Structure formats: structure tokens, C-alpha cells
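Residue numbers (the numbering used here): 438 to 694. From the three backbone atoms N, C-alpha and C, an ideal C-beta is built for every residue, glycine too. Just so it is clear, the structure is predicted and the values come from calculations on it, not from any experiment. What follows is one structure encoded as C-alpha cells, with my remarks underneath.
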């Protein structure tokens, strides 16, 4: 007897074919998606490539910085050339240079005593040599008194006194902004002559110094000036860090108070 195939048999065969096709299509789609994801992950996770990209970016930015720095330097040169012709302190806060100034004021000179060699030799000891030489505190006393007297500008030796200037003495050798000086030391200030002189006379530290002038022959000379001239100076000086000098600290114990 021949087997008869009905409509239901044909329908089941068609649905099975469609189901197989859908499964195969989904499998292929998932496979291709996985390949694309893995390929992207491999590229972006390459550390060496990422570093190269960052280095290229940094190099590009550095070129921009160098270009801008060159432009800033050019503008500073123009500013400095314009400010150097100024003769007052009105423009002292602009640019990178303090302009040259002139005006009345006072000049104070301190010096070691010429008697120290003879007196030390006679005593056979150098214990009292501190009484005959200029100390850091003596120069600072003059500087502080002149500021209190309204000094508009100041110089020590051949250098302008800036906001970061520090008077440092080792023995009787003065170090100021990297340069060393031997006595005599001259401190000059521009301002009201009467006010500056009054401040010097009222300073207790200077009054003590004058006692040593009378007792040990230390140098002390004050001059009034009608027209002092200070040259221009860089606004900023290199910063230096101080360290404790044990020998200097021990020697200072015998200095005047």
C-alpha cells in the first residue's frame, strides 16, 4: 500500500527548514560580532601604540609651549627697553626689571677697626677679634633703620636691595645675592634725608654699634646726598637655601649683643 503524505507532513517539513535557517543565521551573526569585538579590543589594548600616541601629543604641545615662551621673551625685552629709560620708582612693579632711580638720600659706611691687629697681637689671643670687625647684625641694623625711615630704594655695595635680598656674613666677609664683599661696606638709600637721618639716630641697635665705634675704633660714616643714582636691576634673583654653619654659630656666641 502506498504511503500517503498529508498537508500536515508538508507543513512540519517547511517549519523545520525555516528554524534551521534562523539558527544558522543567528550563529553567523554572533560569530561576526565576536570577531569585530575582539579585533577592536586587540587594537585599543596595545600599550606600545597608546604610548606612541601620547608621546606624539606631548611633543606637539611642547612645540606650542616653546613658541609661546619665545614670544613672551620677545615681549619682555621690549618692556625692559621701555622701562630702562624711566627715572622714577613709579614703574618699579612692572616688567622683570627694577628701573634706574635717582634722588636725595643718605649713604652709610661701616668698616673694621684698624686697631684689631695691634690689640690682638698684644693680647696674644684672637678671642676678642669680634669686637673689631663688622658683623651681619651691624649691616642689618642700618638696613632696617633706613627702611623705617621711609627709604624708597636701597643699595648695598653695588647691588640693589630687593624683596628677597639677604645679608649673610661669614666672619667679616659679606655675601649678597651670590657675590662676596670685603669691608668697608656702604649702604645707600634714596628718600627724605631728614627722615632717614632721624631713623638712624633713633635705632637702638645703631646706638649700641656706636658704643663699639668709640671703644674699639670701628668705622662709621654717614653722608647726605642730594642726587644719588641707582642703576636698574633684575626684579628676581636666584633663590638659595641656607644651611647651618656650626663654626660660624660658635663664633657668634662671642659677638656683641
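From residue i to residue j, what does the alpha carbon distance come to, in whole angstroms?
{"i": "residue 620", "j": "residue 553", "result": "14 Å"}
{"i": "residue 653", "j": "residue 643", "result": "15 Å"}
{"i": "residue 594", "j": "residue 641", "result": "24 Å"}
{"i": "residue 592", "j": "residue 502", "result": "37 Å"}
{"i": "residue 611", "j": "residue 489", "result": "53 Å"}
{"i": "residue 545", "j": "residue 534", "result": "26 Å"}
{"i": "residue 618", "j": "residue 577", "result": "15 Å"}
{"i": "residue 510", "j": "residue 504", "result": "10 Å"}
{"i": "residue 648", "j": "residue 658", "result": "14 Å"}
{"i": "residue 661", "j": "residue 543", "result": "4 Å"}
{"i": "residue 605", "j": "residue 656", "result": "19 Å"}
{"i": "residue 565", "j": "residue 599", "result": "34 Å"}
{"i": "residue 597", "j": "residue 487", "result": "52 Å"}
{"i": "residue 500", "j": "residue 538", "result": "40 Å"}
{"i": "residue 506", "j": "residue 498", "result": "12 Å"}
{"i": "residue 636", "j": "residue 512", "result": "41 Å"}
{"i": "residue 651", "j": "residue 550", "result": "10 Å"}
{"i": "residue 495", "j": "residue 514", "result": "29 Å"}
{"i": "residue 575", "j": "residue 663", "result": "25 Å"}
{"i": "residue 603", "j": "residue 613", "result": "6 Å"}
{"i": "residue 585", "j": "residue 632", "result": "9 Å"}
{"i": "residue 425", "j": "residue 570", "result": "Here the chain covers residues 438 to 694 and nothing more, so residue 425 does not appear."}
{"i": "residue 385", "j": "residue 665", "result": "The structure shown does not extend to residue 385, since the chain spans only 438 to 694, so no value can be given for it."}
{"i": "residue 609", "j": "residue 508", "result": "45 Å"}
{"i": "residue 493", "j": "residue 622", "result": "56 Å"}
What residue from the options has the CA that sits closest to residue i's CA?
{"i": "residue 667", "options": "656, 650, 658 and 628", "result": "628"}
{"i": "residue 646", "options": "495, 539, 505 and 548", "result": "548"}
{"i": "residue 672", "options": "632, 590 and 657", "result": "590"}
{"i": "residue 615", "options": "625, 601 and 550", "result": "601"}
{"i": "residue 567", "options": "495, 607 and 623", "result": "607"}
{"i": "residue 624", "options": "651, 650 and 573", "result": "573"}
{"i": "residue 634", "options": "579, 513, 664 and 650", "result": "579"}
{"i": "residue 626", "options": "571, 496, 540 and 550", "result": "540"}
{"i": "residue 630", "options": "622, 603, 491 and 588", "result": "588"}
{"i": "residue 669", "options": "536, 493 and 491", "result": "536"}
{"i": "residue 582", "options": "571, 491, 508 and 639", "result": "639"}
Give me whichever residues DSSP pairs with residue i in a beta bridge.
{"i": "residue 670", "result": "535"}
{"i": "residue 630", "result": "Answer by DSSP bridge pairing: none, since residue 630 is not bridged."}
{"i": "residue 540", "result": "665"}
{"i": "residue 548", "result": "656"}
{"i": "residue 618", "result": "611"}
{"i": "residue 571", "result": "DSSP lists no partner for residue 571."}
{"i": "residue 651", "result": "According to DSSP, which records beta bridges pairwise, residue 651 is partnered with nothing at all."}
{"i": "residue 625", "result": "544 and 592"}
{"i": "residue 605", "result": "612"}
{"i": "residue 597", "result": "592"}
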